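A short write-up of the structure that comes next.
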Amino acid sequence: MQTSTKALSGAVADIDDLHHEKLLKAIFNLSLWNFGPDVIDALLELIVSLAASNGKHVDSCLDMLVSNFTPPNKVLDMLKQPRGLEKKERVLPRVHAALKNISELVPMAASRLSSIVLEQMPWKSKRNVDQWSMKRQLIYVENMFKLESGAIREFVGANMLKDVMNVLRDLDVAIGWDDILHDDSSKGVFMIELEDENYADGDEDADADGKLPSTLSEKSLSKNLTAELLDSLMVQTFEHLESSVSNKRLSEVFDTLLSSFKDTVLNTYKSKFTQFVMFYACALDPEHCGTEFASELIDMFVGGHNPLTSRMSAVAYLASFLARGKFLPPAFVASYLGRLVDWCWQYCVMHDGDMNPKLHQVFYSGCQAMMYILCFRMRLMVEIPLLKSQLFCMPIDKIFKHKLDPLKVCLPSIVEEFLKQAKAARLFTSSKTFVFEDLLVSNLSRDFGGLERLDMFFPFDPCLLKNADRSFIRPNYVYWKYVRTTYHEDIDDDDEEDGSDGEVEGAAEFDDDMEEVIISRSYGDNDLEMDEFDYAMNKMSITPRNNSSAGLRMPSRIRPSMSPESL
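Below is the structure:
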């Protein structure tokens with residue numbers, strides 16, 4: 001076969017589409033995985049020659065090469081075995097080299113390649129996930145990442161990243177969250193996905209069989225193949241981000257991810273996991289990626305030209321990012337909190353009317369974001385004299401005693417936790433007493449967003465995909481269980497040590513860089529050095545707890561919806 005194939009390569013100019021239709025079809029249907037290296041080389045030489053000799057063959061040649069991203073089932077089943085790995089290393093590098101050669105010989109080929117890769121994607125052709133489609137999708141996405149970082153990335157790289165993000169999003173929203181979100185309406189907003197200490201303290205037996213964390217397993221996702229596939233693809237994506245750091249390409253990759261996030265994820269209803277690609281990219285480079293992400297979100301929120309839903313989603317993402325990012329130093333958080341407070345106060349100045357949840361949705365979403373951030377970060381800020389001075393000079397009390405009265409509109413659980421911490425920190429200097437009834441859902445908050453909104457998520461709630469969380473997200477993540485609130489004394493040093501793995505490397509240095517920004521924003525003249533703090537927040541828990549005698553806990557399941565009524 002090697003000899004005949006080489007002979008065909010020398011006669012490609014004489015191959016006629018009509019007279020040799022069956023021959024061409026047989027060539028394009030060949031699987032390279034069934035041959036040895038010499039035959040593979042001969043076949044790829046023929047494919048490259050066909051593409052270069054006749055523009056009509058370009059798409060067919062590209063189709064043939066892309067179809068070889070995935071092996072036949074008999075090989076697919078042994079890819080983790082030495083023999084399967086040997087076949088993989090024999091085929092895929094040669095396929096990508098052939099794609100590079102065709103792109104160099106036929107300039108139009110690179111523009112066609114992106115479309116062909118998208119058309120052949122296994123997830124597009126088979127919506128129901130099984131073990132075979134899982135394996136096929138994983139190796140296919142692996143090849144997409146090879147294209148993104150390979151020799152022709154200039155032509156196809158951005159499209160490969162965007163297509164992967166679209167796959168993650170599609171799998172994300174395909175997971176049946178309705179059973180989780182609405183399984184017990186009697187629990188109300190307070191009982192949704194609260195973090196449970198039992199799982200956080202290491203329920204190893206619960207996941208020894210590879211299941212997702214207990215809450216999801218108890219609902220609808222036990223042994224859910226879609227969730228398993230999404231978990232594996234997220235791990236692949238995180239590993240690709242790490243390789244981008246090694247190749248000094250993360251900044252380039254992040255620009256594409258940010259564009260894709262704004263186009264496909266920001267306003268996606270019930271997106272729970274895909275956004276953690278942005279989170280992890282920021283964790284890898286807080287100074288560049290973290291700053292760019294937070295700046296983009298705050299700019300979208302304060303920019304009046306943006307759609308209402310985009311502004312509200314952006315500020316919810318900003319609040320969740322600033323609250324949960326363990327790699328973000330207090331000075332960084334304070335800087336963006338200051339911009340958010342400034343906008344809310346200017347809104348109060350410009351709107352002297354009474355409370356109206358429907359009319360002032362963007363304002364109330366900003367106030368809720370402000371409180372959410374402070375629920376996680378207030379203690380850290382008040383322990384740093386410079387940040388405490390800035391925080392106490394912010395017009396927060398003026399905002400909350402304004403006639404728009406956000407405390408009566410925002411989610412009761414967030415309001416109560418915020419007021420509890422603000423009281424302990426003596427944040428309010430106003431003589432007005434802030435009182436908020438302990439209601440599950442007030443009529444006003446229902447008008448603001450409705451019961452559906454109250455049952456949604458903050459975008460960066462704990463990641464419930466086991467492998468993606470434990471290996472990548474968890475070391476960079478603030479868990480509510482370990483948040484040091486202003487009203488709790490640190491009386492259990494052992495527990496704190498158990499829950500802490502210290503500040504993420506680079507955060508303290510980043511904090512020093514942020515000091516100049518904070519000083520320029522400060523209302524006082526303090527010139528104090530920034531302290532470094534350890535975050536005792538390296539574990540997670542997700543099981544709902546129904547205990548009215550326990551201390552107030554923050555809700556996890558709240559996130560922006562696509563509906564205009566939603567926060």
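First residue of the sequence shown? That's 1 in the UniProt record's numbering, and the numbers climb one at a time after it. All C-beta atoms, glycine included, are put in the ideal place defined by N, C-alpha and C. Bear in mind the structure is a predicted one, so any value in this text is a computation, not a measurement.
Buried versus exposed call for Cys393 [16 or more other C-beta atoms within 10 Å across all chains shown] | As a first step, residue 393 is located in the sequence shown; it is residue number 393 there, counting from the start. Exposed, because fewer than 16 other Cβ atoms sit within 10 Å of the Cβ of Cys393.
Which of helix, strand or coil does DSSP assign to Tyr477?
-> The residue labelled residue 477 in the question sits at position 477 within the sequence shown. In the structure shown, Tyr477 sits in a strand (DSSP, three-state: E or B).
Thinking Ala316 and Ala369 are a contact (beta carbons under 8 angstroms), I'd like their distance in whole angstroms, please.
-> By 1-based counting over the sequence shown, the position of residue 316 is 316. By 1-based counting over the sequence shown, the position of residue 369 is 369. At roughly 6 angstroms, the Cβ-Cβ gap stays under 8 angstroms, so Ala316 and Ala369 are in contact.
For Phe238 and Cys463, believed in contact at Cβ under 8 angstroms, the rounded distance | Translated into positions along the sequence shown, residue 463 becomes position 463. Translated into positions along the sequence shown, residue 238 becomes position 238. That pair is no contact at about 11 angstroms.
Contact set for Ser271: own chain, Cβ-Cβ below 7 angstroms, skip 5 residues either direction = The sequence position of residue 271 within the sequence shown is 271, counting from 1. Answer for Ser271: Arg169, Asp172, Val173, Val265, listed in chain order.
Quick check: the stretch 371-383 against the stretch 343-354, are there 3 or more CB pairs under 8 angstroms?
-> Touching, no, given that fewer than three Cβ pairs across the two stretches are closer than 8 angstroms.
Evaluate the contact criterion for the stretch 68-80 versus the stretch 1-18: three or more CB pairs, one atom per stretch, below 8 angstroms.
-> In short, these stretches do not touch, since the Cβ pair count stays below three.
Segment contact flag, the stretch 157-168 with the stretch 92-107, C-beta cutoff 8 angstroms, min 3 pairs = For the pair of segments examined, the stretch 157-168 was found not to touch the stretch 92-107: the number of CB pairs separated by less than 8 angstroms stays below three.
Sub-8 angstroms separation of Cys410 and Tyr482 beta-carbons | Stepping through the sequence shown from its first residue, residue 410 is reached at position 410. Stepping through the sequence shown from its first residue, residue 482 is reached at position 482. Contact flag unset, no.
Have a look at the DSSP bridge pairing and note the partners of Gly325.
-> What you label residue 325 is simply residue 325 of the sequence shown in a count that begins at 1. Bridge partners of Gly325: Tyr477.
Do you know whose CA, among Lys401, Asp405, Lys408, lies nearest Phe428's CA?
-> In the sequence shown, the residue the question calls residue 428 occupies position 428. The residue among Lys401, Asp405, Lys408 with its C-alpha nearest the C-alpha of Phe428 is Lys401.
Counted within 10 angstroms of its Cβ, other Cβ atoms place Pro71 as buried (16 or more) or exposed = Translated into positions along the sequence shown, residue 71 becomes position 71. Burial call: buried.
Same chain, Cβ closer than 8 angstroms to Thr291, five either side skipped, listed in chain order | Walking along the sequence shown from the start, residue 291 turns up at place 291. The residues Phe332, in chain order, have a CB closer than 8 angstroms to that of Thr291 in the same chain once the five nearest residues on each side in sequence are set aside.
What is the DSSP secondary structure of Leu464, reduced to helix, strand or coil?
-> Within the sequence shown, numbered from 1, the residue matching residue 464 stands at position 464. Taken through DSSP and simplified to helix, strand or coil, Leu464 comes out as coil.
Using the beta-carbon count (16 or more within 10 Å), is Glu89 buried or exposed?
-> As a working note, residue 89 is residue 89 in the sequence shown. Under a 10 Å Cβ-count criterion, Glu89 is classified as exposed, with fewer than 16 other Cβ atoms of the shown protein chains found around its own Cβ.
With a cut-off of 8 angstroms on the beta carbons, I'd call Leu328 and Leu322 a contact; round off their distance for me.
-> Here residue 328 refers to the residue found at position 328 of the sequence shown. Here residue 322 refers to the residue found at position 322 of the sequence shown. By a beta-carbon distance limit of 8 angstroms, Leu328 contacts Leu322. Their separation comes to about 6 angstroms.
Residue environment, Leu308, which counts as buried when at least 16 other CB atoms sit within 10 Å | By one-based count along the sequence shown, residue 308 stands at place 308. Residue burial annotation: Leu308 is exposed, with fewer than 16 other C-beta atoms found within 10 angstroms of its C-beta.
Identify, in the order they occur along the chain, each residue of the same chain with its Cβ nearer than 6 angstroms to the Cβ of Gly202, setting aside the five sequence neighbours on each side.
-> Here the question's residue 202 lines up with position 202 in the sequence shown. Because the pLDDT of Gly202 is 45, which lies under 50, any placement of that residue in the model is unreliable, and the number read from its coordinates should be weighed accordingly. Residues of the same chain with a CB within less than 6 angstroms of the CB of Gly202, apart from the 5 flanking positions on each side, do not exist.
Return the chain-ordered list of same chain residues with a C-beta closer than 7 angstroms to the C-beta of Val362, the five sequence neighbours on each side being excluded.
-> The count along the sequence shown starts at 1 and reaches residue 362 at position 362. Only Leu308, Arg311, Met312 meet the Cβ criterion.
Does the distance from the C-beta atom of Leu24 to that of Asn68 stay below 8 angstroms?
-> Residue numbering aside, residue 24 sits at position 24 when the sequence shown is read from its first letter. Residue numbering aside, residue 68 sits at position 68 when the sequence shown is read from its first letter. Contact: no.
Val66 versus His488 - alpha carbon distance | Sequence index remark: in the sequence shown, residue 66 carries index 66 (1-based). Sequence index remark: in the sequence shown, residue 488 carries index 488 (1-based). A straight line joining the alpha-carbon of Val66 with that of His488 spans about 58 angstroms.
Ends of the alpha helix (DSSP H) at Ser251?
-> The residue you call residue 251 lines up with position 251 of the sequence shown. Looking at the DSSP string, the run of the alpha helix (DSSP H) that includes Ser251 is 250-260.
Can you say whether Lys248 is buried or exposed, counting buried as having 16 or more other CB atoms within 10 angstroms of its CB?
-> Position 248 of the sequence shown, counting from 1, holds the residue named residue 248. Its Cβ having fewer than 16 others within 10 Å, Lys248 is exposed.
Look at the alpha carbon of Ile396 and the alpha carbon of Asn143, and state the distance between them as a whole number of angstroms.
-> In the sequence shown, the residue the question calls residue 396 occupies position 396. In the sequence shown, the residue the question calls residue 143 occupies position 143. Between the C-alpha atoms of Ile396 and Asn143 there is a straight-line separation of about 51 angstroms.
Just how far apart, CA to CA, sit residue 568 and His57?
-> For the chain, the structure presents residues 1 to 567; residue 568 sits outside this window and is missing.
Coarse secondary structure for Lys358, derived from DSSP in three states = Residue 358 sits at position 358 when you count from the first residue of the sequence shown. The answer is coil: DSSP assigns Lys358 none of H, G, I, E or B.
Grab me the residues of Leu297's own chain with a C-beta within less than 6 angstroms of its C-beta, minus the 5 sequence neighbours each way, in chain order.
-> Translated into the one-based positions of the sequence shown, residue 297 becomes position 297. Here the set comprises Ala314, Tyr317, Leu318.
Give the single residue among Leu250, Lys22, Phe376 whose Cα lies nearest to the Cα of Glu287.
-> Taking the first residue of the sequence shown as 1, we reach residue 287 at position 287. Of the candidates Leu250, Lys22, Phe376, Leu250 places its Cα closest to the Cα of Glu287.
Using the C-alpha atoms, what's the distance from Ile175 back to Arg377?
-> Numbered from 1 along the sequence shown, position 377 holds the residue referred to as residue 377. Numbered from 1 along the sequence shown, position 175 holds the residue referred to as residue 175. Rounded to whole angstroms, the separation of the alpha carbons of Ile175 and Arg377 is 32 angstroms.
So what's Ala158 in DSSP terms, helix, strand or just coil?
-> By 1-based counting over the sequence shown, the position of residue 158 is 158. DSSP, reduced to helix, strand and coil, places Ala158 within a helical segment of the structure shown.
Whole angstroms is fine: what's the gap from Val91's alpha carbon to Leu30's?
-> Numbered from its first residue, the sequence shown carries residue 91 at position 91. Numbered from its first residue, the sequence shown carries residue 30 at position 30. If you take the alpha carbons of Val91 and Leu30, they lie about 13 angstroms apart.
Top-ranked residue by Cα proximity to Ile373, from Phe35, Asp469, Lys398, Ser335 = Locating residue 373 in the sequence shown gives position 373, where the first residue counts as 1. Of Phe35, Asp469, Lys398, Ser335, the smallest CA-CA separation from Ile373 is found for Ser335.
Mind checking whether Ile116 and Ala51 have CB atoms under 8 angstroms apart?
-> Taking the sequence shown and counting its residues from 1, the one referred to as residue 116 is at position 116. Taking the sequence shown and counting its residues from 1, the one referred to as residue 51 is at position 51. Not in contact: Ile116 and Ala51 (Cβ atoms no closer than 8 angstroms).
Please report how far the alpha carbon of Trp123 lies from the alpha carbon of Val478, in whole angstroms.
-> For the purposes of this step, residue 123 is taken as residue 123 along the sequence shown, with counting starting at 1. For the purposes of this step, residue 478 is taken as residue 478 along the sequence shown, with counting starting at 1. Between Trp123 and Val478, the C-alpha separation is close to 33 angstroms.
Taking Leu340 as the reference, which of Val302, Leu105, Cys375, Val415 has the closest Cα?
-> Numbered from its first residue, the sequence shown carries residue 340 at position 340. The residue with the shortest Cα to Cα distance from Leu340 is Val302.
Is Met78 helix, strand or coil when you go by DSSP?
-> For this step, residue 78 is matched to residue 78 along the sequence shown. Secondary structure at Met78: coil, using DSSP grouped into helix, strand and coil.
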